[in-house]
Structures are given as C-alpha cells and as structure tokens.
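Only one structure is covered here, and it is reproduced in the block below.
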Amino acid sequence: MPLEAASAPAVHADRLRIAEAAGAQAVRLIRNPVPPLSLMTQGNLDNAVRVLLALGAVFLSGVIFVVLGLVTDGGYALTAGTAAHWLRGHPRLVRSEPWISGGMYIGLGVAAALSSSHRT
38 MPLEAASAPA VHADRLRIAE AAGAQAVRLI RNPVPPLSLM TQGNLDNAVR
88 VLLALGAVFL SGVIFVVLGL VTDGGYALTA GTAAHWLRGH PRLVRSEPWI
138 SGGMYIGLGV AAALSSSHRT
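Position 106, counted from 1, in the sequence shown is what the numbering used here calls 143; the numbers after and before it change by one each time, with no gaps.
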C-alpha cells in the first residue's frame, strides 16, 4: 500500500488516487508474492525489540501503579478500621462524630476556596 494511504482526509480529492494506487500494488503483490523472510532485516528486528521493550516498560509501570494504589488504599482501610474499633469503646466521641466530620468538611472547603488556582 502507498505510504500515504491512511493520511489523506476523507473529503480530499487524492483519496481516489491513493485507493487506485493501493489496489494496483495489491495486484502486483498477488502476481509476484514477496516472501516474509525477505522483509526481515536487522533494522526491522531491532525496531521490534525496541517496541517490545517499550511495551514491557509501560506494563511494568502499570503494575507498579496498581501495587502503589493497593498499598495506599490498604493503609487507608486499616487506619479507618482501627479508628472505628477505637471509637466503639468511646461512646462520647461517637456522639460528637457528626460535629467532628462536619468541621473537617468545612475546614477542607475553606482551604480549597482559599488556595490559589494558578499553577505554574
């Protein structure tokens, strides 16, 4: 296929010319097949190895992010569970919990409203 076969916009006049050139090249390849091994060069193999290494790095970074998320979320869950267990033994704190959490929400809202929205 011509190299520019996928680059012409759908409304472009060259679309028909590119389609005809791609069809002619397909007919040439059917009449004179190219063995796959003739397409393999050392440069092609080097590029394939680079792509595989890059994909492996992306996969590894994804695994690292998932593990970090599990560790931090697990820490939050353990902290919340420990706090809940501790609060069960202190009924006075349980009664004041709506005031404490409400104050925290108001404090976070004020902090967010007063923080600068300009980032450099």
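Virtual Cβ for every residue (Gly too), placed ideally from N, Cα, C.
- Message: Helix, strand or coil for G126? Go by DSSP, reduced to three states.
- Response: coil
- Query: Rounded to a whole number of angstroms, what is the C-alpha to C-alpha distance between A114 and F102?
  - Reply: 18 Å
- In terms of residue numbering, what span does the alpha helix (DSSP H) encompassing S75 cover? 73 to 76
- Message: I need the straight-line Cα distance from G106 to R54, nearest angstrom please.
- Response: A straight-line Cα-Cα distance of about 52 Å links G106 and R54.
- Query: If you draw a straight line from the alpha carbon of G112 to that of G126, how long is it in whole angstroms?
  - Reply: The alpha-carbon atoms of G112 and G126 are separated by roughly 22 Å.
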